[in-house]
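So the sequence lines, in the order shown, correspond to chains H and R.
For the first sequence, counting from 1, position 87 maps to 502 in this note's numbering; every step adds exactly one.
For the second sequence, counting from 1, position 173 maps to 466 in this note's numbering; every step adds exactly one.
First the structure, in the form of structure tokens, and then the observations on it.
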Amino acid sequence: MFCSIHKWLISRAVDSKKQIPAFTKRHLGRCDSCREFAQLCGSLKQRFTHDTSAILEGYNKAIDQKVISALPEIKESRSTLSRPGLVPNLFSKRTFLVPSLVAASLVLVISISILFLTLPRSKEVNSLANISDLFNRIYPARILEKAESPLEKEYTELKETIKSTAEFLISRLDVRLGQ
Amino acid sequence: MDKVIILKDLSDEELAADTAAGSRSSFEELISRYSPRLFYFLRYKTASDQNVEDLIQETFLKAFRNIGRFDPKRKFSTWLYTIAARQAVSLYRANKTKKPSLVPMASSQDPQEIVIQKQESQNLWILAGKLSQKEYKALWLYYAEDMPVKNIAEIMKKKKVTVRVLLHRARINLAKKLDKSVYSESFVGENPAEHKFSFSEIGEI
Chain H
416 MFCSIHKWLI SRAVDSKKQI PAFTKRHLGR CDSCREFAQL CGSLKQRFTH DTSAILEGYN
476 KAIDQKVISA LPEIKESRST LSRPGLVPNL FSKRTFLVPS LVAASLVLVI SISILFLTLP
536 RSKEVNSLAN ISDLFNRIYP ARILEKAESP LEKEYTELKE TIKSTAEFLI SRLDVRLGQ
Chain R
294 MDKVIILKDL SDEELAADTA AGSRSSFEEL ISRYSPRLFY FLRYKTASDQ NVEDLIQETF
354 LKAFRNIGRF DPKRKFSTWL YTIAARQAVS LYRANKTKKP SLVPMASSQD PQEIVIQKQE
414 SQNLWILAGK LSQKEYKALW LYYAEDMPVK NIAEIMKKKK VTVRVLLHRA RINLAKKLDK
474 SVYSESFVGE NPAEHKFSFS EIGEI
């Protein structure tokens with residue numbers, strides 16, 4: 416009955432790489448079965464290591480070639496500076512994700528516009544016109560014109576630059592325009 | 294030639310990182326390192342060698358496709374064996390294959406072959422093949438792969454204490470299967486019964 420406990424303690428000592436308890440050591444002195452078990456546990460590591468190399472020698476290496484030939488092709492000599500572990504995954508995800516995202520957003524925009532054009536507008540939708548009126552009242556035309564002024568300003572600047580360039584060229588080359 | 298030498302010097306984790314960066318030859322080196330070990334790890338669970346070959350192929354393909362997810366801080370062997378164990382479980386569930394025996398069949402009466410078979414049967418792994426699947430797996434990972442109990446628990450999806458119990462049961466059952474002449478081989482020339490037990494002989498205890 417106690418032997419099973421002692422054997423468990425021997426096994427536990429092997430796995431946790433600790434000493435066998437003193438009372439188990441005393442038990443081993445008088446129990447053949449437990450002593451043989453302890454001897455077996457002690458020799459297992461060495462014997463399994465030896466037998467592993469023996470059994471691995473019988474392995475058919477043709478399987479390796481089969482596995483290698485089944486691997487999908489990848490681009491060799493990818494930059495080693497790139498983060499290891501992320502490159503192949505992100506690369507494949509990007510190539511797949513970007514077109515699908517663009518397609519999805521296009522479908523979304525088209526379907527919304529179709530819905531907007533075909534469905535009868537409710538009162539809530541009609542109220543958009545009122546909002547537009549309100550917007551016009553709050554922001555008069557002048558303010559809106561001012562909002563567009565950067566473009567106009569640029570246009571004017573460009574016109575002036577061309578004019579001054581033309582004047583400069585006329586004066587330098589002595590071209591008499593309009594004569 | 295230089296590249297081969299360099300690859301052989303690299304650790305598994307370095308090779309995995311190299312594969313993630315696009316080196317196919319690094320993964321081929323990993324295949325040559327692990328396919329024999331996976332073969333004998335998986336052989337127990339499947340009915341035929343063909344199934345084992347397919348499992349190895351599936352395992353490496355899955356590892357290759359997901360190598361980007363492998364964290365080089367972890368042990369590559371634990372990661373690969375986890376994939377292999379899952380693949381084996383899936384196949385086993387799908388096929389419900391019967392357990393094969395690792396013990397060679399005595400199909401011939403040729404004395405020379407009988408001697409070879411006897412020698413093979415003295416290999417502890419052949420005897421371990423008669424144990425339960427879980428016990429065999431735990432033994433393989435512990436002794437052949439030299440993995441700590443923690444990693445075995447991770448691969449087998451068990452608690453550490455469960456793995457210790459599995460290992461203990463495996464040792465007990467192995468002791469039952471071994472006749473005295475086999476497991477007292479290390480004490481050749483001595484009568485095991487008279488052998489004075491010394492703790493220094495039990496290296497790990």
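All C-beta atoms in this analysis are idealised placements derived from N, C-alpha and C, irrespective of residue type, glycine included.
Contact of isoleucine 324/R with chain H by beta-carbon distance below 7 Å involves Asp479, Val482, Ile483. For serine 448/H, the CB contacts under 8 Å within the same chain, skipping 5 residues up- and downstream, are Cys418 in chain order. By the beta-carbon neighbour count (other beta carbons within 10 angstroms, threshold 16), phenylalanine 363/R is buried. At least 9 Å separates the CB of serine 528/H from every CB of chain R. Look at the segment 438–452 of chain R: the residues with a C-beta under 7 Å from a C-beta of chain H are Val442.
The continuous alpha helix (DSSP H) containing proline 329/R extends over residues 317–335. Residues of chain R with a Cβ closer than 9 Å to the Cβ of phenylalanine 417/H do not exist, since the nearest Cβ in that chain sits about 15 Å away. Straight through space, the alpha carbons of leucine 424/R and serine 468/H are spaced by roughly 20 Å. Contact between alanine 446/R and valine 456/R holds: their C-beta atoms lie close to 5 Å from each other, under 8 Å.
In the assembly as shown, proline 514/H is an exposed residue. Its beta-carbon has fewer than 16 other beta-carbons within 10 Å. For the segment 430–447 of chain H, the beta-carbon criterion of a distance under 9 Å to any beta-carbon of chain R is satisfied by Asp430, Ser431, Lys432, Lys433, Gln434, Ile435, Lys440, Leu443, Gly444, Asp447. The beta carbon of arginine 330/R falls within 9 Å of a beta carbon belonging to chain H, placing the residue at that interface.
Against chain R, the beta carbon of phenylalanine 452/H has neighbours under 8 Å at Arg464, Ile465, Ala468, listed in chain order. Contact between phenylalanine 334/R and tryptophan 433/R holds: CB atoms are separated by about 5 Å, below the 8 Å threshold.
Flagged as an interface residue toward chain H: phenylalanine 353/R, by a C-beta distance shorter than 9 Å. Among the residues of chain H, those whose CB is under 8 Å from the CB of tyrosine 436/R are Leu459, Lys460, Phe463, Thr464, Thr467, following chain order. Counting only Cβ-Cβ distances below 8 Å, leucine 417/R has contacts in chain H at Leu459, Arg462, Phe463, Asp466, in chain order. From the beta-carbon of leucine 455/H, the residues of chain R found nearer than 8 Å are Arg464, Leu467, Ala468, Leu471, Tyr476. At a cut-off of 9 Å between beta carbons, glutamate 346/R contacts chain H. For arginine 386/R, no Cβ of chain H is located within less than 9 Å of the residue's own Cβ.
A check of alpha carbon separations from alanine 437/R across Pro436/H, Ser458/H, Thr464/H, Arg587/H identifies Thr464/H as the nearest. Counting only the Cα atoms, leucine 512/H lies some 48 Å from aspartate 430/H. Neighbours of leucine 471/H in chain R, taken as residues whose beta carbon is under 8 Å from its own, are Pro329, Arg330, Tyr333 in chain order.
In this structure, the beta-carbon distance from arginine 462/R to phenylalanine 452/H does not fall below 9 Å.
Burial check for valine 517/H: the Cβ neighbour count within 10 Å stays below 16, so the residue is exposed. Taking C-alpha positions only, aspartate 479/H is separated from phenylalanine 320/R by approximately 11 Å. Contact annotation: phenylalanine 369/R and alanine 421/R have beta-carbon atoms that are not nearer than 9 Å. Ranking Ile577/H, Ile525/H, Leu459/H by CA distance to the CA of aspartate 439/R puts Leu459/H first.
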